[in-house]
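There are 2 protein chains.
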Amino acid sequence: MTDSCPHVVILGGGFGGLAAARELADAPVRITLIDRRNHHLFQPLLYQVGTAGLSAPSIAAPLRQILRKQANITVLMDEARAVDTTARCVHLGQGDIGYDYLIVGTGATHAYFGHDDWASRAPGLKTLDDAFAVRRRVLLAFERAEREDDPVRRQAWLNFVIVGAGATGVELAGALAEIAKHTLPREFRRSDPRMANVLLVEAGPRVLPAFDEDLSDKARKQLEKLGVQVRLGTAVSAIDEEGVQLGEQRLQARTVLWAAGVSASPLGVSLGAPLDRAGRVQVQADLSLPGHREVFVIGDLATFTQESGKPVPGVAPAAKQMGRHAALRVRAMIQGSAEAARFRYRDDGSLATIGRMAAVAQFGKLKFSGLLAWWIWLVAHVYFLIGFRNRLVVLMDWAWAYWTYERAARIVTGQDRESAPSTGESSE
Amino acid sequence: MTDSCPHVVILGGGFGGLAAARELADAPVRITLIDRRNHHLFQPLLYQVGTAGLSAPSIAAPLRQILRKQANITVLMDEARAVDTTARCVHLGQGDIGYDYLIVGTGATHAYFGHDDWASRAPGLKTLDDAFAVRRRVLLAFERAEREDDPVRRQAWLNFVIVGAGATGVELAGALAEIAKHTLPREFRRSDPRMANVLLVEAGPRVLPAFDEDLSDKARKQLEKLGVQVRLGTAVSAIDEEGVQLGEQRLQARTVLWAAGVSASPLGVSLGAPLDRAGRVQVQADLSLPGHREVFVIGDLATFTQESGKPVPGVAPAAKQMGRHAALRVRAMIQGSAEAARFRYRDDGSLATIGRMAAVAQFGKLKFSGLLAWWIWLVAHVYFLIGFRNRLVVLMDWAWAYWTYERAARIVTGQDRESAPSTGESSE
């Protein structure tokens, strides 16, 4: 591997970027993978860190460690600020880096639909820091309820609102209900965690809209059985420190979690291609940037319409497939192939967990719900977790939680200016 | 248990407070345990969280969970700001609480000997947040070295200075050397982590002064074998962003960790008793406050001279023994006993780990070093870890790390204003 090899720069060490890097492992290229974090995050289990079921290191691994055996790759921890597609160069936080081929997979975060002031009131769930913020709010809410003598104000600390009933919202709601009904009741003396209300609010007509309607219906019933209140066709019109406004109804709730909306990485803007409303880049049939066959956009940053007319969903398997496709295109172009092979998304099925022994699964016409879907979900998620050790730790944590209802990571650290005035930084 | 039972308030859920609470489990009292954190922390393994060997939930457990089966106790998460020993009342962050008996175990933090400005440059290791700060600095230093082309500036990122060669300093130094020599070398392409210098600086004449001189000497030799440079009889006279001043010598080092000095919890001041130079309360022979037989001070907040003339050391077993003693005194006073039994510290021996298969242990005249001491250390620390699950997870992490040299928790999260300008909060 010499400096004369083509230089492939990959932005983002998520599912897409990592898949691209691995697909190029034995290609005659130099690869630089750039991420502003030092770790790959297994985002499908992030809600478990947010709800104190798993520790952060269980679902994250250093990119360097994952890729250390791949000799043709250099990992840089830095932030990509803009791409200059004319000069074929990426502006980083620290210096610039040139490329022959560029694969951009910097992902997306949540969108507050123009209400950016809601961000501090209703944290979303995209990074480990987000998950720690959610964990802190949830655990501290029960602590605050325990200190509150006024029953109305106490109930406001026990009312939890989750906005958005996609997979993350459903998973959060199910986990919160389990914490309130099963994990905490024996531990408080003054307040009763079982008085908690978990309200899942969705503007659309059903939960889990990515699934068929009958599964959405089953998921809603499973949520209700776990004690979650599901409010469909309801938009949130205001969020403040005391609660939320749902149409005409005002609800006092001190904890609001955000699981709605997608806003693509701002890096997309600098690529100069057409973007959709969420800021996603409209890529060519081979995932390349219009006018730039050497630049590929993958994962949540790309919007791609399949031949069926349906968009490729923003899920981990799609990002991986796009990453591999982009890498194969780079390989082909290096070998002189002019033909731009079309990306075809292979739908391996959809899975969403709801709670203890409750989940839905859909593989084409095959559908499951309840206990069997939950087992499928569990096996699939443990299997795809990166790193043998993480899998073992996660399995053990889950087995333990299953038998004891305890949660492994009920630790409040750090400070949250919003809602925790009484937790200092120094030791006690 | 009725409201007419005597009310025992325990401040601090560390080793001392927890031992006191458990000793009173079947006593005819109402107990309120107050801690500003929601968890008990197994501090002897905190350096492993700081050096990415263990995740935080492995060494911390919610106080409510630990104590949930004890019917006579209420746990409050709040900060004790002052004690009014005349009114028999504690001022909390949120309201006041009266007591019949008070046990104060709010511990100590590190002291910068009048150089409080060093705190931000050289983090210490007392809380989980401290450990995350140390982990972030250490991992980011290797990332910064990788980005630095100038060899002198690169070396400054690879120079680590640890101030203070007590148990924490020695453990940190050994772990850093292992990370540099064994964990990271295969993962960097431009810089060589093996070029790291780990310098352990101690103002006194030997490492681990709590041990006999021959063991101090053996510990120093084991440290040096692991690649740690030990500088004894050397005081740090300045710390700034670029490095440290050691007497006449200036050393460029971007990462300085603090493991020296003790400063007792400021709560001691409000108790109105004589304090020693570190702010520790000089307690009576039965651990009570002079003039207040109903108030006890335990653990690192207390200073107590044994009949042999030696002070009780600030270690976990001493705090536990003091907590139990104070609780037994409360029991006796409730039963009408007037005799104030003297506290007697039972020295169960001292253990300090240095690194892989390197440790020292001392039980009276029995002394061990090297592999055998390391096994004793390992068994003792896993045994005393609270919670069956934590023990299993820690054992598994250690076994994994032992065979692979990988470390389970190499995750950088959050922001550090000092040294990480390029790690943002939002997702990638």
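Those protein sequences? They're chains A and B, same order as listed.
According to my numbering, the stretch in the first sequence is residues 1 to 428, in order.
According to my numbering, the stretch in the second sequence is residues 429 to 856, in order.
The C-beta atom is built at its ideal place from N, Cα and C for all residues, glycine as well.
Test: residue i CB closer than 9 Å to a CB of chain B
| i | result |
| --- | --- |
| A:Val412 | yes |
| A:Glu202 | no |
| A:Asn197 | no |
| A:Val75 | yes |
| A:Asn159 | no |
| A:Leu257 | no |
| A:Thr127 | yes |
| A:Ser337 | no |
| A:Pro57 | yes |
| A:Arg432 | Outside the shown range of chain A (1 to 428) lies residue 432 of chain A, about which nothing can therefore be said. |
| A:Phe132 | yes |
| A:Gln306 | no |
| A:Ala498 | What the structure shows of chain A is the stretch from 1 to 428, and residue 498 of chain A is not part of that stretch, so it cannot be assessed. |
| A:Lys69 | yes |
| A:Arg190 | yes |
Cutoff 9 Å: residue i Cβ touching any chain A Cβ
| i | result |
| --- | --- |
| B:Met750 | no |
| B:Glu641 | no |
| B:Arg492 | yes |
| B:Arg622 | no |
| B:Ala510 | no |
| B:Glu615 | yes |
| B:Gln522 | yes |
| B:Leu604 | no |
Straight-line gap, residue i to residue j (C-alpha atoms, nearest Å)
| i | j | result |
| --- | --- | --- |
| A:Val104 | A:Met333 | 17 Å |
| B:Trp826 | B:Gly481 | 8 Å |
| B:Thr731 | B:Ala754 | 14 Å |
| B:Gln650 | B:Pro745 | 26 Å |
| B:Ala547 | B:Leu612 | 28 Å |
| A:Gly14 | A:Gly107 | 8 Å |
| B:Trp686 | B:Lys738 | 26 Å |
| A:Arg30 | B:Arg575 | 17 Å |
| B:Leu553 | A:Ile97 | 38 Å |
| A:Thr413 | A:Trp403 | 26 Å |
| B:Met429 | A:Phe132 | Below a pLDDT of 50, predicted positions are generally treated as unreliable, and B:Met429, at 48, falls in that range; no measurement from the model is reported. |
| A:Ala20 | A:Asp100 | 15 Å |
| A:His110 | B:Met505 | 32 Å |
| B:Arg509 | B:Ala692 | 14 Å |
| B:Arg618 | B:Arg582 | 11 Å |
| A:Ile386 | A:Arg407 | 22 Å |
| A:Pro274 | B:Arg572 | 36 Å |
| B:Ala638 | B:Gly675 | 25 Å |
Coil, strand or helix - residue i by DSSP
| i | result |
| --- | --- |
| A:Glu224 | helix |
| B:Arg509 | strand |
| A:Thr51 | coil |
| A:Ala119 | helix |
| B:Arg618 | coil |
| A:Arg417 | Here the model assigns A:Arg417 a pLDDT of 40, short of 50, so the residue's position is not dependable and the matter cannot be decided. |
| B:Thr662 | coil |
| A:His325 | helix |
| A:His110 | coil |
| B:Ala488 | strand |
| A:Asp214 | helix |
| A:Ile411 | coil |
| B:Asn818 | helix |
| A:Gly12 | coil |
| B:Pro741 | coil |
| A:Glu294 | strand |
| A:Lys365 | coil |
| B:Val810 | helix |
| B:Arg746 | For the record, residue 746 of chain B in the displayed sequence is Ala; it is not Arg. Helix at B:Ala746. |
| B:Tyr529 | strand |
Checklist entry - the region 467 to 478 of chain B: which residues have C-beta closer than 7 Å to a C-beta of chain A, in chain order? => result Interface annotation for the region 467 to 478 of chain B against chain A: His467, criterion Cβ-Cβ distance under 7 Å.
Checklist entry - Taking only runs of the beta strand (DSSP E) that begin and end inside the region 540 to 613 of chain B, which ones reach a length of at least 3 residues, in chain order? => result Listed in chain order, the complete beta strand (DSSP E) runs (minimum 3 residues) inside the region 540 to 613 of chain B are 587 to 591.
Next on the checklist: What are the residues in the region 107 to 120 of chain A lying within 7 Å of chain B by C-beta distance?
Outcome noted: Listed in sequence order: Gly107, Thr109.
Next on the checklist: By the 7 Å beta-carbon criterion, what residues does the region 134 to 153 of chain A contribute toward chain B?
Outcome noted: Here the close residues are Leu139, Glu143, Arg147.
Checklist entry - When Cβ atoms are compared, which residues of the region 16 to 37 of chain A fall closer than 8 Å to chain B? => result For the region 16 to 37 of chain A, the set of residues with a beta-carbon nearer than 8 Å to any beta-carbon of chain B comprises Asp35, Arg36, Arg37, in chain order.
Checklist entry - Which of the residues in the region 662 to 682 of chain B, read from start to end, lie with their CB under 7 Å from any CB of chain A? => result Taking 7 Å as the Cβ-Cβ cut-off against chain A, none of the residues of the region 662 to 682 of chain B qualify.
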